[in-house]
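Colleague: Residue numbers (my numbering): 3 to 566. Take a look at this one; I'll ask things after.
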Ligand code: NOJ
């Protein structure tokens, strides 16, 4: 969909002008005082989301689950987890969201099920069970070891020996998350039928969990030669699977659905194939390149922020999917640290840096995703003890690093404090009351101690409201074709502090200039802004600007959007 094509705006799908808000149900709002967020809580906040202006909500999993991985281990795909509510309440949520013009996008977790799912229970029961082949079972090697050297994303091997039949099963994530065998057509049909059941119920699409891993490099699964211990397990048949899914689930539906595939480890060339509309795979993907730049060999080895690398990476993705395909835009989600702590300054310049990153991200070409709490500048948490954390990824990593590899506990804890997923999962901070208005009970994960200062009520009562800034950005995307579809061009790619780019559609050009640093930045702007309209900024207008149209000082974390 090149922007130079003058009919493009008329033909552009709805999600090119949309902003999606991610709700992590456990941590959003608790309506019954059990300390865990629920559907009732989400329903009570729909007016808040409508006020923000978002077009769709992506719900992290709300299905029955033993919750080893907070719902990403599903034991029944066609029910609602009782802690969250019921199907009847889900239907109410859907209707009430639709009344407000908000679509609901479900999380589709079909690379794996829970080990408590009936499919796995049957599969593990005997070598001859009809569902045996629904998962990846393999005999031990001659020396008793696992079929290959793949490691699980949550520490330890990706294979677990099951006593019932003496065979190993594959789990790329926790051992309670066995991988489904998508080579088996019955598995695929069962998943498509479940997806159709949700769409028939009225949901508006799916965010697809690690969907590129459903296709395995089958030749790597077996035998010692296959031991890799790393690399992507994604097999080339992924495209056939996604095209089949499209035919079986989406083709022929008139509705306006959204499909976004989470795909670790893919390149822009892969993404082009996945998101080319003519190929009928997915609308967009979540890629990981930009959120891997500050991680060393392991995600908990934290590297310093590298602004040129970040800009150049996002720009490469903009260019890669400019003519065909589409980008999703995100800087945080339930698996990532809080963006203001990771990329900004979450103390002195919290408002400025939160709004700078909001402006920069939302002015890229693609569909922006806001993660709950981002719109009020929620920050990372810093628990003093490992036992205050809940996420299995952090806890497994800590145990392995300290017990098996003898690393210094303080250093390992510091990595968890910076990169751990619980940073994103502390309860939503609604007000200054003791549990931040999230629950009247004891929250499942402690509230961030800064909730007395950082919360929705406080944000909305100040002139410098991050929420209101996001509102403006969302309005802008709804109204402006150049924001939705304009061509992107990065300026000053090597600059260590300046983030600058243009967006152009027809004869309209927007310019973003942003000082992503704690120090003032003086010098010429990368374009002449005399006579330009200042559309949005996170500081009051610079009184000297008119006198120095090409020479300016950007204050710490100042961001401006001009229409040239
Ligand atoms: C990606 C999800 O976003 C993450 O939270 C989860 O742990 C893994 N996939 C496994 O489902």
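C-beta atoms are modelled at their ideal positions from N, C-alpha and C, and glycine is treated no differently. Keep in mind that this is a model prediction, so the values were computed, not measured.
Could you say if the segment 307-314 and the segment 400-412 meet the contact criterion of at least three C-beta pairs nearer than 8 Å?
Modeller: Counting Cβ pairs under 8 Å, fewer than three are found: no touch.
Colleague: Helix, strand or coil for residue 164? Go by DSSP, reduced to three states.
Modeller: If DSSP states are grouped into helix, strand and coil, residue 164 belongs with the strands.
Colleague: Quick one: residues in its chain with C-beta nearer than 6 Å to the C-beta of residue 167, no 5 flanking neighbours on either side, listed in chain order?
Modeller: Excluding positions up to five away in sequence, the list reads 129.
Colleague: Measuring only from the beta carbon, is residue 264 closer than 7 Å to any heavy atom that is part of the ligand NOJ?
Modeller: Yes, the beta carbon of residue 264 sits closer than 7 Å to at least one heavy atom of the ligand NOJ.
Colleague: Which residues have their C-beta within less than 5 Å of a heavy atom of the ligand NOJ, listed in chain order?
Modeller: Result (chain order): 71, 74, 175, 211, 212 and 337.
Colleague: Compute the Euclidean distance between the alpha carbons of residue 2 and residue 54, then round it to the nearest angstrom.
Modeller: Here the chain comprises residues numbered 3 to 566, so residue 2 is not present and cannot be evaluated.
Colleague: With a cut-off of 8 Å, do at least 3 Cβ pairs link the segment 498-512 to the segment 334-347?
Modeller: The segment 498-512, when compared against the segment 334-347, does not touch it at the 8 Å Cβ threshold.
Colleague: When the Cβ atoms of the segment 484-504 are set against those of the segment 409-420, are three or more pairs found closer than 8 Å?
Modeller: Short answer: they don't touch.
Colleague: Could you give the DSSP three-state label for residue 555: helix, strand or coil?
Modeller: Residue 555: strand per DSSP, three-state reduction.
Colleague: Pick helix, strand or coil for residue 385, following the three-state DSSP scheme.
Modeller: Residue state, collapsed to three classes: coil.
Colleague: With a threshold of 6 Å on Cβ separation, who are the neighbours of residue 60 within its own chain once the five nearest residues in sequence on each side are excluded?
Modeller: The residues are 22, 24, 107 and 209.
Colleague: Confirm, please, whether the CB-CB distance from residue 19 to residue 480 is below 8 Å.
Modeller: In contact: residue 480 and residue 19 (Cβ atoms closer than 8 Å).
Colleague: Taking its Cβ as the centre, do 16 or more other Cβ atoms sit within 10 Å of residue 180, making it buried, or is it exposed?
Modeller: Buried: at least 16 other Cβ atoms inside 10 Å.
Colleague: Do residue 317 and residue 582 come within 8 Å of each other at the CB atom, strictly closer than that value?
Modeller: Outside the displayed range of the chain (3 to 566) lies residue 582, so it cannot be described from this structure.
Colleague: Taking the alpha carbon of residue 138 as the point to measure from, which residue in 120, 186 and 97 has its own alpha carbon closest?
Modeller: Nearest C-alpha to residue 138: 186.
Colleague: Excluding five sequence neighbours on each side, which residues of the same chain lie with their C-beta closer than 7 Å to the C-beta of residue 562?
Modeller: Counting only Cβ-Cβ distances below 7 Å, and skipping sequence neighbours, we find 515, 536 and 539.
Colleague: For residue 133, count the other beta carbons within 10 Å of its own beta carbon; 16 or more makes it buried, fewer makes it exposed. Which is it?
Modeller: With 16 or more Cβ atoms within 10 Å of its Cβ, residue 133 is classed as buried.
Colleague: Near residue 453, what residues of its chain come up, given a Cβ to Cβ distance below 6 Å and the 5 sequence neighbours on each side ignored?
Modeller: 431 and 438, listed in sequence order.
Colleague: Measuring only the C-alpha atoms, how far is residue 541 from residue 564?
Modeller: Distance between the alpha carbons of residue 541 and residue 564 is about 14 Å.
Colleague: Please state the DSSP three-state secondary structure of residue 276.
Modeller: Helix.
Colleague: Quick check on DSSP: helix, strand or coil for residue 341?
Modeller: Helix.
Colleague: Is residue 139 helix, strand or coil by DSSP?
Modeller: Residue 139 falls in the strand class under three-state DSSP.
Colleague: Where does residue 512 fall in DSSP's three states?
Modeller: It is a strand residue.
Colleague: Quick one: what's got a C-beta closer than 6 Å to residue 556's C-beta in the same chain, skipping five residues either side?
Modeller: Same-chain partners within the cutoff: 517 and 523.
Colleague: With a floor of 4 residues, list each alpha helix (DSSP H) that falls wholly inside the segment 10-85, ordered by position along the chain.
Modeller: As far as the segment 10-85 is concerned, its whole alpha helix (DSSP H) runs of at least 4 residues are 10-13, 41-46 and 48-54.
Colleague: Once DSSP output is grouped into helix, strand and coil, what is the label at residue 297?
Modeller: Residue 297 falls in the strand class under three-state DSSP.
Colleague: Taking DSSP as the reference, what is the three-state secondary structure of residue 177?
Modeller: Coil.
Colleague: Out of 111, 202, 154 and 165, which has the shortest C-alpha to C-alpha gap to residue 146?
Modeller: The residue with the shortest Cα to Cα distance from residue 146 is 165.
Colleague: Let's see if you can read the secondary structure: which residues bound the beta strand (DSSP E) around residue 209?
Modeller: Start and end: 207-210.
Colleague: Tell me, which residues are paired with residue 352 by DSSP?
Modeller: BP columns for residue 352 are empty, so no partner.
Colleague: So the candidates are 155, 258, 377 and 244; which of them puts its Cα closest to the Cα of residue 275?
Modeller: Of the candidates 155, 258, 377 and 244, the one whose C-alpha sits nearest the C-alpha of residue 275 is 244.
Colleague: Helix, strand or coil, according to DSSP, for residue 523 in the structure here?
Modeller: If DSSP states are grouped into helix, strand and coil, residue 523 belongs with the strands.
Colleague: With C-beta atoms as the reference, is residue 298 less than 8 Å away from residue 305?
Modeller: Contact: yes.
Colleague: Taking only the alpha-carbon atoms, compute the straight-line gap between residue 395 and residue 127 and give it to the nearest angstrom.
Modeller: Rounded to whole angstroms, residue 395 to residue 127 spans 28 Å at the Cα level.
Colleague: Report the partner residues of residue 415 according to the DSSP bridge assignment.
Modeller: According to DSSP, which records beta bridges pairwise, residue 415 is partnered with nothing at all.
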